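In what follows, a structure is listed as structure tokens, so that the remarks can point back to it.
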């Protein structure tokens with residue numbers, strides 16, 4: 004990634020020089036590189052049809068292979084945040100304001116505009132080196148005209164800021180709170196309108212005091228404010244140690260890790276600034292409940308997971324926080340925004356899981372007509388093909404019955420209860436298939452069910468012999 008000083012602007016170079024002397028700047032480059040990793044993972048997810056994004060190709064042109072668990076995790080993260088933002092805009096109308104902190108190469112603005120969403124302002128913040136590169140990509144994009152979505156002509160300042168009416172891209176070190184607020188004021192936001200702040204894996208890269216300063220200043224700046232905070236949690240077990248070792252090897256340190264110990268510590272950071280509605284979820288629970296069940300079903304069919312437990316473990320170490328604060332009598336309904344979204348999709352998901360479980364349970368019974376037809380076509384002659392056919396028809400249901408618990412294990416984990424009735428129906432269907440195979444053996448004469456088949460095991464019958472003799476003298 005190019006340094007900020009390479010863009011030839013005197014003011015910017017001076018600002019960069021100051022930052023290079025500031026505390027922990029040596030770690031900033033590694034943190035900025037995480038933007039490239041995230042963008043590439045999202046690019047792979049789009050390429051593999053996890054979701055549609057016609058704009059990511061303007062910022063990323065190629066990416067290395069990612070494991071299915073990682074790709075699905077990024078999809079869930081993107082889908083969940085997009086769903087909540089979309090609901091926030093629909094509930095606020097064109098008054099909504101969105102601020103994405105540490106946005107990197109995120110394309111949420113264009114995806115929202117493409118789907119017809121209207122809002123007052125959409126503001127993105129990141130390091131000025133990242134925003135400068137993003138500006139160049141926006142201006143030079145050949146795959147899609149990104150500037151055509153702006154409500155006003157783009158005005159670039161300091162090589163790192165872009166103002167386009169309803170879209171503002173601002174370069175700032177968020178740890179420098181005074182600089183952050185000054186840049187925020189250039190976006191000319193209305194502090195009386197409902198404003199949603201997105202912090203996606205952001206606060207963990209700064210110490211606790213800096214993140215608290217950001218939350219405090221924004222809570223004072225806006226009268227109606229909501230936070231979406233997606234971040235690590237449960238970072239005190241063996242799995243988290245592996246995660247941290249991997250990051251340390253890449254030169255990435257997490258000064259804000261102290262807040263990521265549990266859901267209660269995550270909640271406390273908002274509670275102390277009087278956010279009266281704070282909803283917090285492990286992402287393994289809420290990640291898929293913010294997306295409708297039909298989409299989840301499509302995703303499940305895209306790419307098989309070799310290690311489903313790995314994905315579950317990974318998502319167990321991330322959480323989603325929705326915090327809401329309101330000092331007016333308006334917009335109170337936004338407090339329960341995520342609850343309504345989760346509740347609606349959870350009902351859809353339960354319906355889909357129930358349908359999926361019964362489809363699996365009834366599959367052996369549904370297969371019986373086809374099995375009967377195949378056995379009929381095999382004929383009753385004693386030859387290798389009919390015998391192999393019958394053996395296969397008998398072995399498959401036996402194997403299915405022996406592994407019934409494994410077959411329903413994943414569904415039971417998602418369903419949250421034991422599927423006893425489904426297992427019974429599944430086993431009965433397979434028993435019927437076994438009975439059909441046994442009957443076929445009988446019609447072929449392969450079963451020793453006639454008395455003549457057991458002659459070797461029968462004792463020879465004693466025959467009564469009568470001899471008539473006479474004495475001849």
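Numbering (this note's numbering), first residue to last: 4 to 476.
Ideal Cβ positions, reconstructed from N, Cα and C, are used throughout, including at glycine.
Computed from a predicted structure; not experimentally measured.
Please confirm whether any heavy atom of the ligand MG lies closer than 6 Å to the CB of residue i.
| i | result |
| --- | --- |
| residue 413 | Looking for the ligand MG in the displayed structure turns up nothing, as the structure carries no ligands at all. |
What are the start and end residues of the alpha helix (DSSP H) that includes residue i?
| i | result |
| --- | --- |
| residue 444 | 423 to 446 |
| residue 38 | 31 to 50 |
| residue 248 | 241 to 252 |
| residue 117 | 111 to 117 |
| residue 393 | 387 to 405 |
| residue 274 | 266 to 274 |
What residues in its chain sit with their C-beta under 6 Å from that of residue i, if we drop five residues either side in the sequence?
| i | result |
| --- | --- |
| residue 26 | Only weak support exists for where residue 26 lies, its pLDDT of 42 falling under 50; the coordinates are left without a value. |
| residue 280 | 327 and 338 |
| residue 49 | 56 and 59 |
| residue 315 | 287 |
| residue 500 | Only positions 4 to 476 of the chain appear in the structure, and residue 500 is not among them; the question remains open. |
Given that a residue counts as buried once 16 or more other Cβ atoms are within 10 Å of its Cβ, and exposed if not, what is residue i?
| i | result |
| --- | --- |
| residue 47 | buried |
| residue 53 | buried |
| residue 267 | exposed |
| residue 413 | exposed |
| residue 143 | exposed |
| residue 141 | buried |
| residue 32 | exposed |
| residue 189 | exposed |
| residue 411 | buried |
| residue 429 | buried |
| residue 92 | buried |
| residue 186 | buried |
| residue 69 | buried |
| residue 198 | buried |
| residue 376 | exposed |
| residue 462 | exposed |
| residue 64 | exposed |
| residue 168 | exposed |
| residue 374 | buried |
| residue 307 | exposed |
| residue 433 | buried |
| residue 406 | exposed |
| residue 221 | buried |
| residue 44 | buried |
| residue 329 | buried |
With respect to the beta strand (DSSP E) encompassing residue i, which residues constitute its N-terminal and C-terminal limits?
| i | result |
| --- | --- |
| residue 207 | Careful: residue 207 lies outside any beta strand (DSSP E) and carries neither H nor E. |
| residue 235 | 227 to 235 |
| residue 179 | Taken as a continuous stretch (DSSP letters only), residue 179 belongs to no beta strand (DSSP E), as it is neither H nor E. |
| residue 328 | 321 to 329 |
| residue 160 | 158 to 160 |
| residue 67 | That residue, residue 67, is in no beta strand (DSSP E); it is neither H nor E in DSSP. |
| residue 128 | 124 to 129 |
| residue 104 | 100 to 104 |
| residue 166 | 164 to 166 |
| residue 282 | 280 to 285 |
Contact check, residue i vs residue j under 8 Å by CB: the rounded distance?
| i | j | result |
| --- | --- | --- |
| residue 356 | residue 439 | No, residue 356 and residue 439 are not in contact; Cβ-Cβ is about 30 Å, not under 8 Å. |
| residue 320 | residue 237 | 5 Å |
| residue 273 | residue 217 | About 12 Å; that fails the 8 Å criterion. |
| residue 324 | residue 276 | About 13 Å separates the two Cβ atoms, so there is no contact after all. |
| residue 437 | residue 400 | 5 Å |
| residue 341 | residue 59 | In fact, because the Cβ distance is near 25 Å, the residues do not count as touching under 8 Å. |
| residue 85 | residue 255 | Incorrect: roughly 26 Å between the Cβ atoms, too far for contact. |
| residue 200 | residue 228 | 7 Å |
| residue 170 | residue 224 | Rounded, the Cβ-Cβ distance is 20 Å, inconsistent with contact. |
| residue 202 | residue 230 | 7 Å |
Looking only at its chain, what residues have a beta carbon closer than 7 Å to the beta carbon of residue i, apart from the 5 residues adjacent to it on each side?
| i | result |
| --- | --- |
| residue 138 | 159, 165 and 172 |
| residue 204 | 233 and 234 |
| residue 261 | 211 |
| residue 207 | 234, 235, 257, 259, 260 and 263 |
| residue 174 | 129, 130, 131, 134, 135, 163 and 164 |
| residue 110 | 56, 58 and 59 |
| residue 147 | 57, 58 and 61 |
| residue 94 | 336, 337 and 340 |
| residue 313 | 72 |
CB-CB under 8 Å to residue i, same chain, minus the five flanking residues each way: which ones, in chain order?
| i | result |
| --- | --- |
| residue 318 | 76, 79, 285, 286, 287 and 290 |
| residue 460 | none |
| residue 305 | 51, 52 and 53 |
| residue 477 | Nothing in the structure corresponds to residue 477, since the chain is present only between 4 and 476. |
| residue 379 | none |
| residue 415 | 421 and 422 |
Check: Is the stretch 94 to 108 close to the stretch 122 to 135, with three or more CB pairs under 8 Å?
Finding: Segment contact: the stretch 94 to 108 against the stretch 122 to 135, three or more CB-CB distances shorter than 8 Å; contact assigned.
Checklist line | Stretch-stretch touch, CB-based, cutoff 8 Å, three pairs: the stretch 430 to 447 with the stretch 390 to 399 | finding: By the Cβ rule, the stretch 430 to 447 counts as touching the stretch 390 to 399, because three or more pairs are nearer than 8 Å.
Checklist line | Contact the stretch 109 to 121 vs the stretch 363 to 378: 3+ CB pairs below 8 Å | finding: With the cut-off at 8 Å, the stretch 109 to 121 and the stretch 363 to 378 do not touch.
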